[in-house]
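Student: Start counting the sequence shown at 22; every next residue gets the next number (the numbering used here).
One structure follows; several queries about it will come next.
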Amino acid sequence: MMLDYKAPWVEVHAAPNDKLFKEYPQESLAEWHLRLGIEDGGV
């Protein structure tokens, strides 16, 4: 999530290993799926 744009009243509940981003991360959503091995191949 892009935390710079969350509403001020929203609490962030993050686990110690969660990655948090103020803006878009360097890794695209498609790259994230590929890295985790959860891409669906366009099906």
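Beta carbons are placed, not taken as given, at the ideal position from N, Cα and C, and that holds for glycine.
1. Which one of Lys43, Pro37, Gly58 has the shortest CA to CA distance from Ala28?
2. Under 9 Å between the Cβ atoms of Leu41 and Leu24?
3. For the ligand ZN, any of its heavy atoms closer than 8 Å to the Cβ of Trp30?
Tutor: Reading it off the structure:
1. Lys43
2. yes
3. For the structure depicted, the ligand ZN is absent and the ligand set is empty, with no information on it obtainable.
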